[in-house]
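With this note's numbering as the guide, the letters of the sequence shown map in order to residues 12 to 187. Where is the CB? At the ideal position from N, CA and C, for every residue including glycine. None of the values given here were measured: they were computed from a predicted structure. Only one structure is covered here, and it is reproduced in the block below.
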Amino acid sequence: MFPGYAQDFSDSGDIILHIGHYSIVDYSKERFRTKSRTIIYGLGSCIALIMFDDRNKMGGMSHILLPSSKRAKNIGFPHKYADLSVKCLTYELISKGAHLKNINAIIIGGSRIFDNMVFEIGRDNVKTVKKHLTKFNIKIVKEETGGSKGRTVIYEPFNNNLVLVKFTSEKDYCKL
């Protein structure tokens with residue numbers, strides 16, 4: 012298990028992911044079939060990376076802040092960085108029973124929240140995640156990236172639902 016494994020749970024049993032944290036859910040297990048959702052509140056330029064293997068009933072999500080770990084002096088939380096998170100989440104899923112050929116991905120976030128930013132962190136996060144998913148031949152089955160508004164992401168692995176609440180009060184529901 013990598014540093015940053017989610018330890019924050021809501022009263023309803025939901026897993027709340029903070030920046031640099033991740034969660035793995037084996038939804039073949041009885042206790043995860045009805046309840047446990049994974050949530051990221053207030054996603055802006057960050058990325059919610061969801062990876063899942065439906066055949067083996069395994070899913071994971073990470074909350075990525077920055078595209079690259081190259082300038083980091085101390086990498087305490089590898090899921091904080093896009094270049095490390097894809098690799099770590101892939102290996103963690105495989106170690107729990109997922110098969111690489113069955114893993115699919117969803118990318119959410121990468122907004123440009125502030126107009127006057129010199130760096131395009133959101134855009135760079137999206138590019139880096141895609142680049143590293145390609146290295147593993149992981150297919151992206153849904154992408155909701157860019158724009159200028161934040162989002163809240165609610166992933167329900169037990170029934171394969173994804174709820175996006177945009178800061179424009181819109182809600183998108185999709186069955187994966």
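Contacts around residue i, its chain only, beta-carbon distance under 6 Å, and the 5 residues preceding and following it disregarded
| i | result |
| --- | --- |
| Glu167 | Arg48 |
| Ile132 | Ser56 |
| Ile86 | Ser80 |
Through-space distance from residue j to residue i, alpha-carbon basis
| i | j | result |
| --- | --- | --- |
| Gly161 | Ala109 | 31 Å |
| Gly142 | Gly158 | Looking at the sequence provided, one finds Lys at residue 142 rather than Gly. Rounded to the nearest angstrom, the two C-alpha atoms are 20 Å apart. |
| Gly120 | Asn148 | 21 Å |
| Met72 | Lys40 | 18 Å |
| Pro78 | Ala59 | 13 Å |
| Glu155 | Ile118 | 6 Å |
| Tyr33 | His74 | 6 Å |
| Ile124 | Val176 | 16 Å |
| Phe31 | Ala93 | It is worth fixing the name first, because residue 31 is Gly in this sequence and not Phe. Going from the Cα of Gly31 to the Cα of Ala93 covers about 10 Å. |
| Ile26 | Ile50 | 6 Å |
| Asn67 | Phe169 | 12 Å |
| Asp126 | Asn171 | 35 Å |
| Asn136 | Arg82 | 15 Å |
Start and end residues, beta strand (DSSP E) containing residue i
| i | result |
| --- | --- |
| Asn172 | Asn172 to Lys177 |
| Leu54 | Thr49 to Leu54 |
| Asp25 | Note, Asp25: premise wrong, no beta strand (DSSP E); not H, not E. |
| Ala83 | It is not in any beta strand (DSSP E) - Ala83 carries neither H nor E in the DSSP assignment. |
| His74 | Met69 to Ile75 |
| Tyr33 | Tyr33 to Asp37 |
| Asp64 | Ile58 to Asp64 |
Other residues of its chain near residue i: CB distance less than 7 Å, five sequence neighbours each side excluded
| i | result |
| --- | --- |
| Gly53 | Gly161 and Thr163 |
| Asp64 | Leu104, Ala109, His110, Asn113 and Ile114 |
C-beta neighbour in chain B for residue i, strict 8 Å
| i | result |
| --- | --- |
| Pro168 | Looking for chain B here will not work: only one protein chain is present. |
field: Minimum length 4: unbroken alpha helix (DSSP H) runs contained in the segment 93-168
entry: Here the runs fully enclosed are 93-106 and 132-146.
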